[in-house]
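Undergrad: If you count the sequence shown from 1, position 73 lands on 87 in this note's numbering, and the numbers rise without skipping.
Think of the CB as a built atom: it goes at the ideal place given N, C-alpha and C, for glycine as much as any other residue.
Just passing along the structure, written as structure tokens.
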Amino acid sequence: MCNKRSNNAFPTPGHNHKQCLNDAIDKARKVFSLRKLRLTPLREQIYRQILTSHDAIGAYDILDRMRRQGREIAPITAYRILDLLHDMGLIHRLELQNAYYACYRDHEDDKNFIALICRGCGTIAELVDRKVSRVFEALEKEAGFTEEKRVLEVQGLCRSCRDSRKGGNSEKEPLNA
Ligand SMILES: [Zn+2]
Ligand SMILES: [Zn+2]
Ligand SMILES: [Zn+2]
15 MCNKRSNNAF PTPGHNHKQC LNDAIDKARK VFSLRKLRLT PLREQIYRQI LTSHDAIGAY
75 DILDRMRRQG REIAPITAYR ILDLLHDMGL IHRLELQNAY YACYRDHEDD KNFIALICRG
135 CGTIAELVDR KVSRVFEALE KEAGFTEEKR VLEVQGLCRS CRDSRKGGNS EKEPLNA
């Protein structure tokens, strides 16, 4: 999607996020129409809450934001829509934070990626790689283990947070805290 990010899973700080958002909405329209479903205004509104950034957001924060925008919806309705967006691969669930984040990448297989979570800025990036699945295929062969659920989430610091901490100016907390 955003070609400028192809060599680096993390979005560049100050990048044109409007482009990410528009690309994601376009993708959603295509995915919905392929499934013969409609991206209704409510579905789009919920999706857009997650698309405001590259961070993860919890279901109750989504409901809070919607309420502040004058739209009160029942948690069950929100969860149903989140499940749908999740099934369609438009958003992913972050188990570590019990929250959702938007998928800005193109990856057919929902399992071939590792979620990288920056604890400095909250950004989540996806490392999309076929090698990921090969590791699990080998495990299945060698250990005779049948996979049912895969959670690949790694917490750390993105390049720009790491560099700004090295500079020591905008430090929020010491790196080795
Ligand atoms: Zn962006
Ligand atoms: Zn993704
Ligand atoms: Zn960061």
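Just reading off the beta strand (DSSP E) that residue 107 is part of, what are its end residues?
TA: Mapped onto the sequence shown, residue 107 falls at position 93. 105-108 is the span of the beta strand (DSSP E), which, as asked, contains residue 107.
Undergrad: What I want to know is whether the C-beta of residue 176 ends up closer than 7 Å to one or more non-hydrogen atoms of ligand 2.
TA: What you label residue 176 is simply residue 162 of the sequence shown in a count that begins at 1. Checking every heavy atom of ligand 2 against the Cβ of residue 176, none is found closer than 7 Å.
Undergrad: Hey, could you find the ends of the beta strand (DSSP E) residue 168 is sitting in?
TA: For the purposes of this step, residue 168 is taken as residue 154 along the sequence shown, with counting starting at 1. 167-170 is the extent of the beta strand (DSSP E) around residue 168.
Undergrad: Name the residue from 157, 156, 125 whose alpha carbon lies nearest to the alpha carbon of residue 142.
TA: Position 128 of the sequence shown, counted from the start, is the residue given in the question as residue 142. Out of 157, 156, 125, 125 has the C-alpha closest to the C-alpha of residue 142.
Undergrad: Locate the beta strand (DSSP E) running through residue 140, then write down its first and last residues.
TA: Here residue 140 refers to the residue found at position 126 of the sequence shown. Element bounds for residue 140: 138-142.
Undergrad: Quick one, which of 66, 153, 130 has its alpha-carbon nearest residue 172's?
TA: What you label residue 172 is simply residue 158 of the sequence shown in a count that begins at 1. Looking at the Cα atoms, 130 is the closest of the given residues.
Undergrad: Tell me whether residue 191 sits in a helix, a strand or coil according to DSSP, three-state version.
TA: Here the question's residue 191 lines up with position 177 in the sequence shown. Only weak support is given to the placement of residue 191: the predicted model assigns it a pLDDT of 48, under 50, and the value that follows is read from those uncertain coordinates. Three-state result, residue 191: coil.
Undergrad: Buried or exposed: where does residue 63 fall if 16 or more other Cβ atoms within 10 Å of its Cβ makes it buried?
TA: Indexing the sequence shown from 1 puts residue 63 at position 49. Under this definition residue 63 is a buried residue.
Undergrad: Could you have a look at residue 65 and say whether DSSP puts it in helix, strand or coil?
TA: Translated into positions along the sequence shown, residue 65 becomes position 51. It is coil, neither helix nor strand.
Undergrad: At a cut-off of 7 Å, would you count residue 140 as near ligand 2, judging by its Cβ distance to the nearest heavy atom?
TA: Numbered from 1 along the sequence shown, position 126 holds the residue referred to as residue 140. Yes, the beta carbon of residue 140 sits closer than 7 Å to at least one heavy atom of ligand 2.
Undergrad: Express the C-alpha separation of residue 34 and residue 40 in angstroms, rounding to a whole number.
TA: Translated into the one-based positions of the sequence shown, residue 40 becomes position 26. Translated into the one-based positions of the sequence shown, residue 34 becomes position 20. Near 10 Å, if we compare the C-alpha coordinates of residue 34 and residue 40.
Undergrad: Less than 8 Å separating the beta-carbons of residue 116 and residue 98?
TA: Position 102 of the sequence shown holds residue 116. Position 84 of the sequence shown holds residue 98. Not in contact: residue 116 and residue 98 (Cβ atoms no closer than 8 Å).
Undergrad: Taking the straight line between their C-alpha atoms, what separation do you get for residue 157 and residue 128?
TA: Here residue 157 corresponds to residue number 143 of the sequence shown, with the count starting at 1. Here residue 128 corresponds to residue number 114 of the sequence shown, with the count starting at 1. Between residue 157 and residue 128, the C-alpha separation is close to 22 Å.
Undergrad: Under the three-state reduction of DSSP, which class applies to residue 118: helix, strand or coil?
TA: Against the sequence shown, residue 118 aligns to sequence position 104. Coil.
Undergrad: Is there contact here, the region 107-121 with the region 56-70, by at least three beta-carbon pairs under 8 Å?
TA: Enough Cβ pairs lie closer than 8 Å, so yes.
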